[in-house]
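Remarks on the structure that follows.
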Amino acid sequence: MALTWTHKDRGEIRVHENLEELSIDLVDYIAEISEASIKEHGAFCIVLSGGSLISFMGKLIEPPYDKIVDWAKWYVFWADERVVAKSHDESNYKLAKDNLLSKVNVFPRHICSINDTVSVEEAATEYEFAIRQMVRTRTVAASDNSDSPRFDLILLGMGSDGHVASLFPNHPALEVKDDWVTFLTDSPKPPPERITFTLPVINSAANVVVVATGESKANAMHLAIDDLPLAESSLSLPARLIHPSNGNLIWFMDKPAGSKLERFKFSE
Ligand code: 6PG
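The opening residue of the sequence shown carries number 84 in the numbering used here; numbering runs sequentially from there.
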């Protein structure tokens, strides 16, 4: 690994030499959290996102992970979803299904995706309801210190504008506190209709991982992690608002994405 360190309040930072190394470290980490969660409560509740993240998880379908991971105990969710048909190329569900879920033994009934036949508002309500049911039956743990689910692992990508899930800079969705899932009809990145986990849900997870690669992410990474004057660390950079209240935060990146981090600049 090129460089790894722990920031006093922004979590652990892992800057990888290249994408191959990042991908191996990421799947090792996922397999480790999967095993620990299953040992602890008999299930692994993993939350996916869209974008390049799924391609970095590709090694999970190869040996040894395809055999050592206890797929039957996996429960799969999405941090955000584009409200399009599940067969549409823009669907995050389709991306994960085609490249990962259809190639391993996750039970279809353990895959909690949106209803793509209803309005965006109804899709958000139904998705939240489904998760509430799973918290009630203790498949998904409940947070000890908030009215939120406690997912074992939430995997997020990050846009060059610092968006995570479908929480975009300065968007009112960032301020939703009482719902677990909210919806947008005006996403600045197409398609416009989306549902997304709210910040309280992301920040109640046991483990949150942000994966971002490439030079276009370097500035957002600097703004999300480095110590900055207060005025700069606001709603204008959603990734800065990730602060698990009782969990771990890890940033996986390659060198170009990490190139503007203070610590990385001094180490080169
Ligand atoms: C979306 C994408 C998006 C993505 C980030 C990072 O819903 O539009 O899923 O949120 O996760 O933009 O994407 P990359 O890792 O592909 O750059």
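Note that CB positions come from ideal geometry on N, CA and C, so glycine has one too. Since the model is a prediction, treat every value here as computed from it, not as a measurement.
Inclusion of G134 in the 7 Å shell around the ligand 6PG follows from its C-beta lying nearer than that to a non-hydrogen atom of the ligand. At the C-beta level, V167 and P312 stay beyond 8 Å of one another.
For N253, the number of other beta carbons within 10 angstroms of its own is below 16, and it is reported as exposed. By the neighbour-count criterion, in which 16 or more other beta carbons inside 10 Å mark a residue as buried, I151 falls on the exposed side. For G240 against A307, the beta-carbon gap comes to about 13 Å, at or over 8 Å, which does not count as contact. In the structure shown, N188 adopts coil according to DSSP, grouped into three states. Beta-bridge partners of A295 (DSSP): M336.
The residue among Y158, R221, V292 and S196 with its C-alpha nearest the C-alpha of Y112 is V292.
Between G133 and L178, the C-beta spacing is below 8 Å. V130 and K348 have their alpha carbons spaced roughly 32 Å apart. Scanning G141, L250, D261 and R346 for the CA closest to the CA of R165 turns up L250. Per the C-alpha coordinates, the member of V223, W161 and F190 positioned closest to N198 is W161.
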